[in-house]
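Peer 1: Have a look at this one.
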Amino acid sequence: MIVQSIEHGTARAIIYRFLSRCFSHPDRKLLELFDSARLEEFLQSWRYLGLKGLEDVARVANWLEKWPSREAVLVELDKEYTRLFITAYPKVVAPPYSSVYLDKESLIWGKSTAEAARLYEAAGLGIRDDFHDIPDHIAAELEFASYLISMQLIGEPDRTPANELLPHIEKRFLVEHLFRWAPAFFRHVSESSAGTFYGAMAQLAGQFITWDAQQLEHNRSSDAESSVV
Numbered sequence: 001m002i003v004q005s006i007e008h009g010t011a012r013a014i015i016y017r018f019l020s021r022c023f024s025h026p027d028r029k030l031l032e033l034f035d036s037a038r039l040e041e042f043l044q045s046w047r048y049l050g051l052k053g054l055e056d057v058a059r060v061a062n063w064l065e066k067w068p069s070r071e072a073v074l075v076e077l078d079k080e081y082t083r084l085f086i087t088a089y090p091k092v093v094a095p096p097y098s099s100v101y102l103d104k105e106s107l108i109w110g111k112s113t114a115e116a117a118r119l120y121e122a123a124g125l126g127i128r129d130d131f132h133d134i135p136d137h138i139a140a141e142l143e144f145a146s147y148l149i150s151m152q153l154i155g156e157p158d159r160t161p162a163n164e165l166l167p168h169i170e171k172r173f174l175v176e177h178l179f180r181w182a183p184a185f186f187r188h189v190s191e192s193s194a195g196t197f198y199g200a201m202a203q204l205a206g207q208f209i210t211w212d213a214q215q216l217e218h219n220r221s222s223d224a225e226s227s228v229v
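In this note's numbering, the protein residues as written are 1 to 229.
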């Protein structure tokens, strides 16, 4: 079982949700993320967990401020998003789908895509009508991680029978799915991004995923030792 305090769980959920938005298709809501209280919420959560590297966020904020208008920065972000994740020649630089990394065929819409969709369904979720992408897109999976953590923080009177499955689903999703491919994806983005935004955010995301995987492994080892004593 993943054991955490409310504060610790809230911080993890906030970070997963923030990173999810950063790797969604760029739009005005993305820019607003860096102009709102949600940025400070993210920074506070990052510090609470004792993580380092917030200079990357400062790099992103400074880079965004250099553009003469929001329209101009969105054009640049869209160009880089497309180059990295959609149509680069001769091949996509960093495909944002788990099946490309986890499945033997390294194709989209693979077995890992179906597995992600099954886990969403097991948690009582479906794909939103306005999400025009594949279920195992990195943004969808980061948002799902945030949801799983957040729902476990709900008080007992508001819990449903389905909520009782969430610790198991979270453990399975993170260990058997997200942690197995996200580090390689973020490494590709960091090494290949010509723009400051995606390179810096990939550095942060990769650091966080590695940290979260280590924390989970530590908790699992502690649980195993406790069961032996």
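Glycine is no exception: its CB is placed at the ideal position from the N, C-alpha and C atoms.
#1: For Ile14, which residues from the same chain have a beta carbon less than 7 Å from its beta carbon, with the 5 sequence-adjacent residues on both sides left out?
#2: In three-state DSSP terms, what is His137?
#3: Whether or not the segment 17-24 and the segment 62-71 are in contact is what I'm after, with contact meaning three or more pairs of Cβ atoms, one per stretch, closer than 8 Å; do they touch?
#4: So, under 8 Å CB-CB, Val93 and Arg83 are touching, yes? Tell me the CB distance rounded to an integer number of Å.
#5: If you measure between the beta carbons of Tyr120 and Phe85, is that distance less than 8 Å?
#6: Residues in the same chain with beta-carbon distance under 8 Å from Phe34, minus the five sequence neighbours each way, listed in chain order, please.
#7: Flag this pair as touching only if the segment 89-109 and the segment 129-146 have three or more C-beta atom pairs under 8 Å; answer yes or no.
#8: Applying the criterion that 16 or more other CB atoms from any shown protein chain within 10 Å of the CB defines a buried residue, is Ala114 buried or exposed?
#9: Rounded to a whole number of angstroms, what is the C-alpha to C-alpha distance between Ala111 and Tyr198?
#10: Just to confirm the assignment, what range does the alpha helix (DSSP H) spanning Asn62 have?
#11: Hey, Pro167 and Ile209: beta-carbon distance below 8 Å or not?
#12: With DSSP collapsed to three states, give me the class of Phe179.
#13: Keeping to the same chain, check which residues put their C-beta closer than 7 Å to that of Ile134; ignore five residues upstream and five downstream.
#14: Is it right to say Gly53 is buried, meaning 16 or more other beta carbons lie within 10 angstroms of its own, or is it exposed?
#15: Identify, in the order they occur along the chain, each residue of the same chain with its Cβ nearer than 7 Å to the Cβ of Pro157, setting aside the five sequence neighbours on each side.
#16: Just to confirm, are Phe179 and Gly206 a CB contact at a threshold of 8 Å?
#17: Sorted by chain position, which residues of the same chain lie with C-beta nearer than 8 Å to Leu51's C-beta, five sequence neighbours on each side aside?
#18: Using beta-carbon positions only, say whether Ser20 and Leu148 come within less than 8 Å of one another.
#19: In angstroms, rounded to a whole number, what distance separates the CA positions of Asn219 and Lys171?
#20: Under 7 Å Cβ to Cβ from Tyr101, same chain only, skipping five residues before and after it: list those, please.
Peer 2: So, from the listed chains and residues:
#1: Glu41, Phe42, Ser45
#2: strand
#3: no
#4: 7 Å
#5: no
#6: Val60, Ala61, Leu64
#7: yes
#8: exposed
#9: Residue identity check: residue 111 is Lys in the sequence provided, not Ala. Their backbone Cα atoms lie some 27 Å apart in a straight line.
#10: 55-65
#11: no
#12: helix
#13: Tyr97, Ile108, Trp109, Thr113
#14: exposed
#15: At Pro157 the pLDDT is 48, less than 50, meaning the model places this residue with poor confidence; the figure from the coordinates comes in the next sentence. Closer than 7 Å at Cβ, skipping near neighbours: no residue.
#16: no
#17: Gln207, Phe208, Trp211
#18: no
#19: 11 Å
#20: Trp181, Ala184, Phe185
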